[in-house]
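A.B. asks:
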Amino acid sequence: MLELAGDVARNPERYAGELKEILGKVDSFDDTEIRDFVVVEEIRQTEDVDIGSVVGTAHPDYQGLYWSEMLLKGKRMHLNLPLLEKNPSYYLDGERKLPVMEYLELEGKVYVYGDGNHRTAIAKVFLGLLGKERFGKVYLRKWTPDEKALELAEAAKDRGVSFFVKRVKLSREDGPGWQVEHYDLRFLTEKGEMGAGEFERYLKEKGGFLTKIFAFLGGS
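All letters in the sequence shown, in the order written, are residues 7 to 226 by the working numbering.
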């Protein structure tokens, strides 16, 4: 283990090339399209993750790179790689990672959602070479969006219907190191505030009206 950690730290070019296709690219994640539609938000302050399920990051500087390329292109890799050689057990001991590493899980995929991009790339390389999957402990958020509300929002945008979404907190449960919050979604329109069912009916009415307008304009 010590020998491997030292080799990765001293020869990142080798592993950046050999593992490029195996580890794949860093997917992009932008929360602006989905955050307002989250109806369950769970936070675990000391959670293990499957390092293979970490597929991307919210950090724009690393989106589109290969994970192994980050060994060469990460802005702070010159600091993190020597620490791997000095203390490889950091990636294996299952203890809380400090500075705190932040992740977000959405629909089974995990993204770096704060600090931890460099250490995640190192973990994917180092743990992958060791045949290990579990990595922790990290700060993990889990989001569950309202899929029906997302569909309605897309339909509204397609029809040019203006609206805003407001999240209303319904409840919160918490305990040592965890919390879960539940939300209701409200759509704000020119006709006032409404729930998903009423908003769907509103879209159908607007759709019928817009169809008539377009038909009139097309015939004039």
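Just so it is clear, CB atoms sit at the ideal spot from N, CA and C, and this is done for glycine as well.
Given the structure is predicted, the values throughout are model-derived calculations rather than measurements.
Going straight from the alpha carbon of L186 to that of R41, what length do you get?
C.D. replies: The sequence given here has Val at residue 186, not Leu. About 16 Å.
A.B. asks: Can we say the region 116-128 touches the region 156-173, given the rule of at least three CB pairs closer than 8 Å?
C.D. replies: Verdict: no, contact absent.
A.B. asks: Of the residues G181, G166, F170 and R16, which one's Cα is nearest the Cα of A155?
C.D. replies: Among G181, G166, F170 and R16, the Cα nearest to that of A155 belongs to F170.
A.B. asks: Which same chain residues, not among the five before or five after R50, have their C-beta less than 6 Å away from its C-beta?
C.D. replies: L146 and W184.
A.B. asks: What does DSSP give as the partner residues of I49 in its beta bridges?
C.D. replies: Note: I49 sits in a beta bridge opposite R147 and Q185.
A.B. asks: Let me know the secondary structure DSSP gives Y97 once reduced to three states.
C.D. replies: Helix at Y97.
A.B. asks: Please list, in chain order, all residues of the same chain as E199 whose beta carbon is under 6 Å from its beta carbon, the five residues on each side excluded.
C.D. replies: Around E199: R192.
A.B. asks: Can you round the beta-carbon distance between Y21 and T63 to whole angstroms, since I take them to be within the 8 Å contact cut?
C.D. replies: Contact doesn't hold; Cβ gap of about 19 Å is too wide.
A.B. asks: Does the separation of the CB atoms of W149 and L176 fall below 8 Å?
C.D. replies: No, the pair does not count as a contact, with Cβ atoms beyond the cut-off.
A.B. asks: With burial defined as no fewer than 16 other Cβ atoms inside 10 Å of the residue's Cβ, what is the status of Y60: buried or exposed?
C.D. replies: In the sequence on display, residue 60 carries Val and not Tyr. Buried.
A.B. asks: Starting from E190, follow its DSSP beta bridges and name the residues at the other end.
C.D. replies: Note on residue identity: the sequence assigns Asp, not Glu, to residue 190. Partner(s): V174.
A.B. asks: Quick one: any contact between the region 131-138 and the region 92-102, if contact means 3 or more CB pairs under 8 Å?
C.D. replies: The region 131-138 is in contact with the region 92-102.
A.B. asks: Which of the three DSSP states, helix, strand or coil, is assigned to S226?
C.D. replies: Its pLDDT being 43, under 50, S226 is placed unreliably in this model, and the value from its coordinates should be taken loosely. The answer is coil: DSSP assigns S226 none of H, G, I, E or B.
A.B. asks: Determine the DSSP secondary structure at K115, reduced to helix, strand or coil.
C.D. replies: Correct three-state label for K115: strand.
A.B. asks: If we cut at 8 Å on Cβ distances, does N17 have a partner in chain D?
C.D. replies: Here there is only one protein chain, and chain D is not present.
A.B. asks: Does DSSP put D180 in a helix, in a strand, or in coil?
C.D. replies: Correct three-state label for D180: strand.
A.B. asks: Would you identify the three-state DSSP class for R82, choosing helix, strand or coil?
C.D. replies: If DSSP states are grouped into helix, strand and coil, R82 belongs with coil.
A.B. asks: Which ranges does the alpha helix (DSSP H) cover as unbroken runs of at least 4 residues, wholly within the region 19-74, from first to last along the chain?
C.D. replies: DSSP runs (the alpha helix (DSSP H)) wholly in the region 19-74: 26-29.
A.B. asks: If you compare alpha carbons, which of R165, K172 and V44 is closest to K210?
C.D. replies: Ranking R165, K172 and V44 by Cα distance to K210 puts R165 first.
A.B. asks: Around the C-beta of M7, are 16 or more other C-beta atoms found within 10 angstroms, so that it is buried, or is it exposed?
C.D. replies: Exposed.
A.B. asks: Taking just the CA atoms, how far does K172 sit from R178?
C.D. replies: Answer to the nearest angstrom: the Cα atoms are 17 Å apart.
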